[in-house]
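Chains as they are written, first to last, in the numbering used here: chain E, 1 to 307; chain C, 1001 to 1429.
All residues carry an ideal CB built from backbone N, CA and C; glycine is no exception.
Predicted, not measured: the structure shown is a model, and the values here were computed from it.
Have a look at the structure below before the remarks.
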């Protein structure tokens, strides 16, 4: 409301802009320009170039213009469809799991009477600052045929013979999901924790007086209060999962077969592992972009955020 | 709406994947009278040591040129070459690079202007003939052939003995016979025969090459999967190895190496470049022998010799190419002395024919119980059936790895191979 009323004022002010004001405005634009130019050169120009490239096909530098043939090829490409299926499997299983875990951890760690809060917060956040490649390599050993996971399960008598964590398709997918969840839960938890700090404690007190139990408080107060941040984390997690690369590349290499292959890894394979076809690889990149845009729109709609 | 734009902007950062460049250092730099050239290779125990030995020899030939040896992972070399060559900039490219034979034709055909022709620097007839088709285009020689990928079956003699068997029982077998031996040893000692990575079909590649067959037809381009009886037989052997329970599943190189270094398996059927890694387990000295690679069962033309891996040196068409060509020509291209020290120091067998006649080849290797392993490998090298690797080895192999997974899960093999053929036709058109 305030904004609409101040617009005419601003316009009239613009007319009478003095030299000094102009200089000030230019300085302001100067600051903005640095960021704008950098984004244009390093983000938008490569995007346009990649789109241009995606209309070509061929080996290495011997590219020919093929129009939308690359995009049509996507629909018949069994490997691409496998990669998309795998990626969405991770998305559907892992993102909700991680968000729920992150919420539970943050609520527990936000309790005023909890001892050693700092320690637990650090412990859960720590995986998020470790190197992806290093942790992936460690997990590859943990999940190996004679790795710690198998040894522990054998020792506890849960299994009779070592499980092929990385050599059986379903187990390999589960292993990948475990690793991503371990890596990113703490990261999302920090967002929830910080916004929980802003929730006025008196709301909970009022709820208690009205007789709400802990579960009711969680669903009726905590969740609604955290809704914007849950939306934010679910979008970033969705994007992150669609771009999943390091973990799969380093733990299973996409195998066995293509059962853990992700879209990003497929792009890598098309460009660097197989006969290089940068045109088609760019087309696959744009397929991810389109998916992310569509998913983000759905998430905005579902959570009803009108802003 | 603004948030949406931010989300979109964030999402397209994936495109940055196509723009990741490597370190910036120019190929050849001229400092005063001396010139420095850069060489890239992978595997510190093998290729890097070979380069260092060559550098030592070259110092005595032309001290004005110094060679800067840089170790990079093979994947990273391929990635950087692809990125830099397709960007059309010579900045950051090395002068000399090692490329695996399976990939060489892809680079030579995708970036023909980026390689420097070596025809005038080496004598093609002095190298093993099977290396030439993959290192040249239309009779123009680009690569300096390096190591042979001749395969053998490395076996633990002590474990065989404890199962009441001897080296003679594993010599010149086919895969079915070897599996029978594997079952006997497993029963007697409980040890699996070999490690196997279910995603790595390298072993099938070496099986079908014993019959002179490949994933492609002779043109090196047309996928040959459906109706490829040799490939089908290879798939059946692979599955039998798993079903009989005589393999230790692994998923990467280090698990593969620790499998035999720790004594968890008793056989390693692979290329001779593994010799240095086998010899790393000093406590197993005297307990190893190498016998010929098993044949593919059911094919009369299958021989007890095959190839796995092997690579060659290339000079890139950047500043300093003449110096780089001179370096390769006077070391890997002609120096018998170099090949002798390669054998003595790292057990590397080259494909330079004059060096194969050297007396060093006949030496007895203590680690292998005094066996003359190098002359054995040289004999097997002569028998390797020639195939045209063509362009798509790894692309086809990844398609086949998926097919293998379906087959292991119980699908009909003919159907699986038919699907793989359709996928290959679609992907490689």
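Contacts that residue 1078 of chain C makes with chain E (C-beta to C-beta distance below 7 Å): Neighbours of residue 1078 of chain C in chain E, taken as residues whose beta carbon is under 7 Å from its own, are 272 in chain order.
Interfacial residues, the stretch 1100-1126 of chain C to chain E, with Cβ spacing under 7 Å: Correct list: 1106, 1109, 1110, 1111.
Identity of the residues DSSP links to residue 1362 of chain C by a beta bridge: Bridge partners of residue 1362 of chain C: none, in fact.
Burial state of residue 301 of chain E, where buried means 16 or more other Cβ atoms lie within 10 Å: That one is exposed.
Residues near residue 1140 of chain C in its chain [Cβ-Cβ closer than 8 Å; skip 5 each side]: If we look at residue 1140 of chain C and ignore the five residues flanking it on each side, its Cβ neighbours are 1117, 1119.
Three-way DSSP call (helix, strand, coil) for residue 1305 of chain C in this model: Reduced to three states, the DSSP call for residue 1305 of chain C is coil.
Rounded C-alpha distance that separates residue 1341 of chain C from residue 1332 of chain C: Taking the straight line joining both Cα atoms gives about 12 Å.
Neighbour list for residue 1394 of chain C in chain E, Cβ cutoff strictly below 8 Å: Here the neighbours are 273, 274.
Span of the beta strand (DSSP E), counted from its first residue to its last, around residue 1195 of chain C: From DSSP, the beta strand (DSSP E) with residue 1195 of chain C extends over 1194-1196.
Distance CB(residue 1067 of chain C)-CB(residue 1048 of chain C) smaller than 9 Å: The Cβ atoms of residue 1067 of chain C and residue 1048 of chain C do not sit closer than 9 Å to each other.
Beta-carbon separation (whole angstroms), residue 1223 of chain C vs residue 1417 of chain C, contact threshold 8 Å: Not really, about 11 Å apart at Cβ, beyond 8 Å.
Opposing strand residues paired with residue 1098 of chain C [DSSP bridges]: Partner residues in the beta bridge of residue 1098 of chain C, as assigned by DSSP, are C/1313.
Within-9 Å CB hit, residue 78 of chain E to chain C: Yes, its Cβ sits closer than 9 Å to a Cβ of chain C.
Residues of the stretch 1227-1256 of chain C whose Cβ lies closer than 9 Å to any Cβ of chain E, in chain order: For the stretch 1227-1256 of chain C, the set of residues with a beta-carbon nearer than 9 Å to any beta-carbon of chain E comprises 1248, 1249, 1250, 1251, 1252, 1254, 1255, in chain order.
Contact set between residue 1423 of chain C and chain E, taken where Cβ atoms lie within less than 8 Å: Neighbours of residue 1423 of chain C on chain E, chain order: 78, 79.
Residue-chain proximity (residue 1388 of chain C, chain E), Cβ-Cβ < 9 Å: Chain E, which has no Cβ nearer than 9 Å to the Cβ of residue 1388 of chain C, makes this no.
Any alpha helix (DSSP H) of 4 or more consecutive residues that is wholly inside the stretch 1250-1311 of chain C: Fully enclosed alpha helix (DSSP H) runs of 4 or longer: 1253-1261, 1275-1278.
Inter-stretch contact (C-beta, 8 Å, three-pair minimum) for the stretch 64-78 of chain E and the stretch 246-253 of chain E: No: the two stretches stay apart, fewer than three of their Cβ pairs being nearer than 8 Å.
Residue-chain proximity (residue 166 of chain E, chain C), Cβ-Cβ < 9 Å: Output row for residue 166 of chain E: interface = yes.
Rounded separation between residue 1354 of chain C and residue 1126 of chain C - CA only: Rounded to the nearest whole angstrom, the C-alpha separation of residue 1354 of chain C and residue 1126 of chain C is 7 Å.
Same chain, Cβ closer than 8 Å to residue 64 of chain E, five either side skipped, listed in chain order: These residues qualify, in order along the chain: 56, 57, 58.
Assumed close pair residue 1330 of chain C, residue 1061 of chain C - CB separation to whole angstroms, cut-off 8 Å: Taking C-beta atoms under 8 Å as the contact rule, residue 1330 of chain C and residue 1061 of chain C qualify, at a distance of about 5 Å.
Run of the beta strand (DSSP E) containing residue 1041 of chain C, from where it starts to where it stops: In the DSSP annotation of this structure, the continuous segment of the beta strand (DSSP E) that includes residue 1041 of chain C starts and ends at 1034-1041.
Candidates C/1115, C/1155, C/1149, C/1150, of which the one nearest residue 1136 of chain C by Cα: It is C/1115 whose Cα lies nearest to the Cα of residue 1136 of chain C.
First through last residue of the alpha helix (DSSP H) which encompasses residue 187 of chain E: Boundaries of the alpha helix (DSSP H) harbouring residue 187 of chain E: 169-197, taken from the DSSP string.
Rounded straight-line distance, which links the Cα of residue 238 of chain E to that of residue 1399 of chain C: Going by C-alpha positions, residue 1399 of chain C is about 28 Å away from residue 238 of chain E.
Whole-Å CB distance - residue 1179 of chain C paired with residue 1244 of chain C, under 8 Å assumed: About 6 Å separates the two Cβ atoms, so the contact holds.
Sub-9 Å separation of residue 1293 of chain C and residue 1301 of chain C beta-carbons: In this structure, residue 1301 of chain C does not lie closer than 9 Å to residue 1293 of chain C by Cβ.
Straight-line gap, residue 1363 of chain C to residue 152 of chain E (C-alpha atoms, nearest Å): Rounded to whole angstroms, residue 1363 of chain C and residue 152 of chain E show a C-alpha spacing of 48 Å.
Contacting residues, own chain, Cβ-Cβ under 7 Å from residue 1407 of chain C (five flanking each side not counted): Closer than 7 Å at Cβ, skipping near neighbours: 1235, 1239, 1413, 1416.
Close Cβ partners of residue 1394 of chain C (< 8 Å) along its chain, the five nearest in sequence each way excluded: So the qualifying residues of the chain are 1102, 1103.
Inside the stretch 1075-1135 of chain C only - beta strand (DSSP E) runs reaching at least 3 residues: Counting whole runs of 3 or more residues, the stretch 1075-1135 of chain C contains the beta strand (DSSP E) stretches 1096-1100.
Test item: CB-CB of residue 1265 of chain C and residue 1191 of chain C under 9 Å: Yes. Within cutoff.
Inter-residue CB distance, residue 186 of chain E and residue 127 of chain E (contact presumed, cutoff 8 Å): About 6 Å; that satisfies the 8 Å criterion.
Residue range of the unbroken beta strand (DSSP E) whose run includes residue 163 of chain E: Residue 163 of chain E: not part of any beta strand (DSSP E); DSSP gives it neither H nor E.
Near the ligand SAH: residue 68 of chain E beta-carbon under 8 Å from a heavy atom: Summarising the ligand content, the structure contains no ligands, and the ligand SAH is consequently not present.
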